[in-house]
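Engineer: For the protein sequence lines, the chains are A and B, in the order given. Residues 15 to 173 (my numbering) are what the first sequence spells out, left to right. Residues 15 to 173 (my numbering) are what the second sequence spells out, left to right.
Protein chains: 2
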Amino acid sequence: MMPESTPVPVSPTEHTALVEAAQRALAARDQSGKSGIAAAILRDGQTIAEAENEVHLQGDPTRHAEMVAIARAAEVLGTTDLKGCVMISTLQPCEMCLAAMRFAGIRRVIFAATQGRVAAKYFAFPHLSLDDFRHGDDFDAIGGVCEDLVLHLYATGEE
Amino acid sequence: MMPESTPVPVSPTEHTALVEAAQRALAARDQSGKSGIAAAILRDGQTIAEAENEVHLQGDPTRHAEMVAIARAAEVLGTTDLKGCVMISTLQPCEMCLAAMRFAGIRRVIFAATQGRVAAKYFAFPHLSLDDFRHGDDFDAIGGVCEDLVLHLYATGEE
Chain A
15 MMPESTPVPV SPTEHTALVE AAQRALAARD QSGKSGIAAA ILRDGQTIAE AENEVHLQGD
75 PTRHAEMVAI ARAAEVLGTT DLKGCVMIST LQPCEMCLAA MRFAGIRRVI FAATQGRVAA
135 KYFAFPHLSL DDFRHGDDFD AIGGVCEDLV LHLYATGEE
Chain B
15 MMPESTPVPV SPTEHTALVE AAQRALAARD QSGKSGIAAA ILRDGQTIAE AENEVHLQGD
75 PTRHAEMVAI ARAAEVLGTT DLKGCVMIST LQPCEMCLAA MRFAGIRRVI FAATQGRVAA
135 KYFAFPHLSL DDFRHGDDFD AIGGVCEDLV LHLYATGEE
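(1) How long is the line joining the alpha carbons of P26 (chain B) and V69 (chain B), rounded to whole angstroms?
(2) How would you call K48 (chain A), buried or exposed, if buried means at least 16 neighbouring beta carbons within 10 angstroms?
(3) In whole angstroms, what separates the C-alpha of E34 (chain B) from that of D44 (chain B)?
(4) Nearest to I62 (chain B) by CA position, among B:A36, B:R77, B:M101, B:H78, is which residue?
(5) Tell me which residue opens and which closes the alpha helix (DSSP H) that L32 (chain B) is part of.
(6) According to the neighbour-count rule (16 or more other Cβ atoms, all chains shown, within 10 Å of its Cβ), is G50 (chain A) buried or exposed?
(7) Is it true that the stretch 121–130 of chain B meets the stretch 141–155 of chain B, where meeting means three or more beta-carbon pairs spaced less than 8 Å apart?
(8) Does R38 (chain A) come within less than 8 Å of chain B when only Cβ atoms are used?
(9) Determine the closest residue to E80 (chain B) out of B:K97, B:Q37, B:C160, B:A113, with distance taken between C-alpha atoms.
(10) Can you tell which of A:A127, A:G158, A:Y136, A:A118 has its C-alpha closest to the C-alpha of F139 (chain B)?
(11) Note down, in chain order, every chain B residue with its Cβ under 7 Å from the Cβ of A85 (chain A).
(12) Between the beta-carbon of A85 (chain A) and the beta-carbon of I55 (chain A), is there less than 8 Å?
(13) Any Cβ of chain A within less than 8 Å of the Cβ of A88 (chain B)?
(14) For V22 (chain B), which residues of its own chain have a beta-carbon under 7 Å away from its beta-carbon, when the five flanking residues on both sides are left out?
(15) Just to confirm, is the Cβ distance from E66 (chain A) to A42 (chain A) under 8 Å?
(16) Which whole-angstrom value describes the C-beta separation of G73 (chain B) and T128 (chain A), a residue pair presumed to lie in contact below a C-beta threshold of 8 Å?
(17) Measure how close the beta-carbons of A169 (chain B) and P75 (chain A) come, nearest whole angstrom, since I'm counting them as under 8 Å.
(18) Between A36 (chain B) and L163 (chain B), is the Cβ-Cβ spacing less than 8 Å?
(19) Under 8 Å, Cβ to Cβ, is there at least one residue of chain D near D146 (chain A)?
(20) Where Q106 (chain A) and H78 (chain B) are concerned, what is the direct C-alpha to C-alpha distance, given to the nearest angstrom?
(21) Provide the residue(s) that pair with E64 (chain A) in DSSP beta bridges, ordered along the chain.
(22) Keeping to the same chain, check which residues put their C-beta closer than 7 Å to that of E28 (chain A); ignore five residues upstream and five downstream.
(23) Alpha carbon to alpha carbon, how far is L71 (chain A) from H141 (chain A)?
(24) Below 9 Å on C-beta distance, what does L142 (chain B) contact in chain A?
(25) Report yes if the CB atom of F137 (chain A) is closer than 8 Å to the CB atom of C111 (chain A), and no otherwise.
And the structure:
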């Protein structure tokens, strides 16, 4: 396990974006083909991309909410370099999304539901934890924010 | 580091698919917007999807060759469950692609260029290695196959 650095606290803007994402996740749960996981990407305090999980909608297992948000943010900014952007997600990003964020230069993520409290199916490598992906550098990952709003969406489910 | 199990040897079909992928990678290198990385997905000895890296073509940092191949295979099969499929890639899959394969149920990958011989930029978490993603289970990852065909494409490059 890598040592954690002290992260910059969650800002009011980030908190608001996470509450809004939770609302979208709750709404998406009831929509055909959607899953109740939502993400957003902020830059300079503005939301530049919002997304929900589209795995079933697109029939593509790589289209997690964070991945769709990254694609949209890159389109909005006209570059694949999302340095300085903040990821917001209703669920702790899986290993795929953590790596995608890293490739895109995203160094900060605020999320609600944490790995230890949700079904195992949301992660590909249960022997690895978020700390394994911090790499001892300037990556801020703050979880458990507004967790009670969405935890019931993820706490159950088959393996 | 997790112990490795003894993998099923590379089949002639898999070998041929990797040589074909290497040819596509070499051709893609010279095409506008493409990168010289190619992948394929086999099922029952047949190639059901081929792809090259489309990060720059699509302006989406998540569109590695393996990710595009997974999306195409899921479309061809009409399901996000790619159990029994084999991933072929000219470059060792990064952490994002390894996780995506796991979510899709792909348990076997044959690749050419290995992490230790290519530029660091192709991986998001240099402190993790392929063995960290084996998870001690029935995941076969065989690298270095036909490595000399493509290694020069990846051995150089900035960090």
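Yeah, the Cβ is synthetic: ideal placement off N, Cα and C, and Gly gets one too.
Structural biologist: Considering the structure as presented:
(1) Position 12 of the second sequence, counted from the first residue, corresponds to residue 26 (chain B). Position 55 of the second sequence, counted from the first residue, corresponds to residue 69 (chain B). When rounded, the distance between both Cα atoms is 30 Å.
(2) Locating residue 48 (chain A) in the first sequence gives position 34, counting from the first residue. Label assigned to K48 (chain A): buried.
(3) Within the second sequence, numbered from 1, the residue matching residue 34 (chain B) stands at position 20. Within the second sequence, numbered from 1, the residue matching residue 44 (chain B) stands at position 30. So the alpha carbons of these two residues sit roughly 16 Å apart.
(4) On the second sequence, position 48 is the one that residue 62 (chain B) refers to. Closest option to I62 (chain B), Cα to Cα, is B:M101.
(5) Position 18 of the second sequence, counted from the start, is the residue given in the question as residue 32 (chain B). According to the DSSP assignment, L32 (chain B) belongs to the alpha helix (DSSP H) that extends over 26–42.
(6) Taking the first residue of the first sequence as position 1, residue 50 (chain A) is located at position 36. Result: buried.
(7) Between the stretch 121–130 of chain B and the stretch 141–155 of chain B, the count of Cβ pairs shorter than 8 Å is three or higher; the stretches touch.
(8) As a working note, residue 38 (chain A) is residue 24 in the first sequence. No, no contact with chain B.
(9) Counting from 1 along the second sequence, the entry for residue 80 (chain B) is found at position 66. Minimum Cα distance to E80 (chain B) is reached at B:A113.
(10) For the purposes of this step, residue 139 (chain B) is taken as the residue at position 125 of the second sequence. Closest option to F139 (chain B), Cα to Cα, is A:A118.
(11) Stepping through the first sequence from its first residue, residue 85 (chain A) is reached at position 71. Within chain B, the residues near A85 (chain A) are D74, T76.
(12) Taking the first sequence and counting its residues from 1, one reaches residue 85 (chain A) at position 71. Taking the first sequence and counting its residues from 1, one reaches residue 55 (chain A) at position 41. In this structure, I55 (chain A) does not lie closer than 8 Å to A85 (chain A) by Cβ.
(13) As a working note, residue 88 (chain B) is residue 74 in the second sequence. For A88 (chain B), a Cβ of chain A is located within less than 8 Å of the residue's own Cβ.
(14) Mapped onto the second sequence, residue 22 (chain B) falls at position 8. Hits under 7 Å: D154.
(15) Taking the first sequence and counting its residues from 1, one reaches residue 66 (chain A) at position 52. Taking the first sequence and counting its residues from 1, one reaches residue 42 (chain A) at position 28. Taking a C-beta distance under 8 Å as the contact criterion, E66 (chain A) and A42 (chain A) qualify as a contact pair.
(16) Residue numbering aside, residue 73 (chain B) sits at position 59 when the second sequence is read from its first letter. Residue numbering aside, residue 128 (chain A) sits at position 114 when the first sequence is read from its first letter. Actually they are not in contact, since the Cβ atoms of G73 (chain B) and T128 (chain A) sit about 32 Å apart, beyond 8 Å.
(17) Taking the second sequence and counting its residues from 1, one reaches residue 169 (chain B) at position 155. Taking the first sequence and counting its residues from 1, one reaches residue 75 (chain A) at position 61. A169 (chain B) to P75 (chain A), Cβ: 31 Å. No contact.
(18) Taking the second sequence and counting its residues from 1, one reaches residue 36 (chain B) at position 22. Taking the second sequence and counting its residues from 1, one reaches residue 163 (chain B) at position 149. Their beta carbons are under 8 Å apart, which means A36 (chain B) touches L163 (chain B) by this criterion.
(19) No chain D appears in the structure shown, which is made up of the protein chains A and B.
(20) For this step, residue 106 (chain A) is matched to residue 92 along the first sequence. For this step, residue 78 (chain B) is matched to residue 64 along the second sequence. Their Cα atoms are separated by approximately 22 Å.
(21) Along the first sequence, one-based indexing puts residue 64 (chain A) at 50. Per DSSP, A:A54.
(22) Translated into the one-based positions of the first sequence, residue 28 (chain A) becomes position 14. These residues qualify, in order along the chain: L56, V100, I102, I124.
(23) Reading the first sequence from its first residue, position 57 is the one you call residue 71 (chain A). Reading the first sequence from its first residue, position 127 is the one you call residue 141 (chain A). In this model, L71 (chain A) and H141 (chain A) are separated by some 29 Å (Cα to Cα).
(24) As a position in the second sequence, residue 142 (chain B) is number 128, starting the count at 1. Within 9 Å Cβ-Cβ: L142, D146, F147, H149.
(25) Start at 1 with the first residue of the first sequence, and residue 137 (chain A) comes out as number 123. Start at 1 with the first residue of the first sequence, and residue 111 (chain A) comes out as number 97. For the 8 Å CB-CB criterion, F137 (chain A) and C111 (chain A) do not form a contact.
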